[in-house]
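In the working numbering, the protein residues as written are 14 to 265.
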């Protein structure tokens, strides 16, 4: 005899997630009618459940009124991948990158539309730049933030824009979603975000860390004084950080 579920509304919400995961594997989304049929409830009841889940970020609805897993589900999946085992392995990769380049390294991920630094390592150079100074700045001022935005899903991008707004003076005076879309497309085309800031005299470079399914795990960044960022050193950094990002993706 099956056990009685104590709170039926929670069970239905979890059933919605199951339906979206199973029926939406192709990425095309699932209709209200299909979800109502899966739950065995009237469409009006399914609509109310979905409306709540959309508001909470666990479900997303597109312009065709089709439903799919929302950004909170991406956060959960990413958090599961970034387990203690992964972090232990990643720590060695990140420390190795810092030693090979002699610079400061940070690995950050995206949670609830915000950038979360997870691991840091300093290089062996005498003059060092700590990535922590950036955490008081705007999301888009950081190259790791730009990479996270460039490789986020549309739902995740919408969430982080709701939190941070458009870049404005933080990044090339970008004030429209069209301009932001073009800038993020350029980051994806280049496979990295790179900047030399005249105000802080810091050179920064970041690349995405993707898993075997090309899903975003986080962004790997390097920061150093601009005076040390010679063309030869920049080329070495690009080569080393790309290799490290690939190793991190393989460790997931």
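Glycine included, each C-beta is placed from N, C-alpha and C at the ideal position.
Does the beta-carbon distance from residue i to residue j come in below 8 Å?
| i | j | result |
| --- | --- | --- |
| residue 169 | residue 87 | yes |
| residue 177 | residue 151 | yes |
| residue 11 | residue 51 | Because the chain spans 14 through 265 in this model, residue 11 falls outside it and cannot be assessed. |
| residue 203 | residue 184 | no |
| residue 265 | residue 120 | no |
| residue 222 | residue 236 | no |
| residue 103 | residue 132 | yes |
| residue 123 | residue 161 | yes |
| residue 114 | residue 249 | yes |
| residue 172 | residue 179 | no |
| residue 220 | residue 256 | no |
| residue 260 | residue 58 | no |
| residue 181 | residue 224 | no |
Which stretch, first to last residue, makes up the alpha helix (DSSP H) that contains residue i?
| i | result |
| --- | --- |
| residue 74 | First-last for residue 74: 72-74, but that is the beta strand (DSSP E), not the alpha helix (DSSP H). |
| residue 65 | 56-68 |
| residue 177 | 167-177 |
| residue 190 | 190-203 |
| residue 131 | Per DSSP, residue 131 belongs to no alpha helix (DSSP H); it is in the beta strand (DSSP E), 127-134. |
| residue 182 | No alpha helix (DSSP H) holds residue 182; DSSP gives it neither H nor E. |
| residue 30 | 21-36 |
| residue 158 | 156-164 |
Below 8 Å CB to CB, which residues in the same chain sit around residue i once its five sequence neighbours on both sides are set aside?
| i | result |
| --- | --- |
| residue 251 | 205, 218 |
| residue 201 | 163, 164 |
| residue 79 | 41, 42, 43, 44 |
| residue 63 | 29, 45, 48, 72, 74, 80 |
| residue 56 | 45, 46, 49 |
Alpha carbons only, please: which of the options is nearest the one belonging to residue i?
| i | options | result |
| --- | --- | --- |
| residue 233 | 190, 129, 239 | 129 |
| residue 208 | 64, 155, 180 | 155 |
| residue 61 | 77, 25, 18 | 25 |
| residue 66 | 35, 23, 245 | 23 |
| residue 174 | 241, 186, 153 | 153 |
| residue 210 | 224, 240, 225 | 240 |
| residue 54 | 21, 191, 247, 166 | 21 |
For the beta strand (DSSP E) that residue i lies in, which residues bound it at each end?
| i | result |
| --- | --- |
| residue 43 | That residue, residue 43, is in no beta strand (DSSP E); it is neither H nor E in DSSP. |
| residue 81 | 80-82 |
| residue 215 | 215-223 |
| residue 117 | 117-124 |
| residue 112 | No beta strand (DSSP E) holds residue 112; the alpha helix (DSSP H) holding it covers 97-114. |
| residue 207 | 206-210 |
So, at 7 Å on beta carbons, what are the nonlocal neighbours of residue i in its own chain, with the 5 sequence-adjacent residues on each side left out?
| i | result |
| --- | --- |
| residue 140 | Note that residue 140 has pLDDT 32, beneath the 50 cutoff, so the model's placement of it is unreliable and the number below is only indicative. Correct list, in chain order: 238. |
| residue 253 | 110, 113, 114 |
| residue 108 | 134 |
Leaving aside the five residues before and after residue i along the sequence, list all residues of the same chain whose C-beta is less than 6 Å from its C-beta, in chain order.
| i | result |
| --- | --- |
| residue 82 | 33 |
| residue 85 | 70, 71 |
| residue 138 | Because residue 138 sits at a pLDDT of 43, beneath the cut-off of 50, its placement in the model cannot be relied upon, and the following sentence gives the value as read from the coordinates. Taken in chain order, the residues that qualify are 115. |
Using a Cβ-based criterion (distance less than 7 Å to any ligand heavy atom), does residue i qualify as near the ligand MG?
| i | result |
| --- | --- |
| residue 200 | Judged by which ligands are present, the structure shown has none, so any question about the ligand MG falls away. |
Quiz item: Taking three-plus beta-carbon pairs below 8 Å as touching, is the region 87-98 in contact with the region 226-246?
Solution: yes
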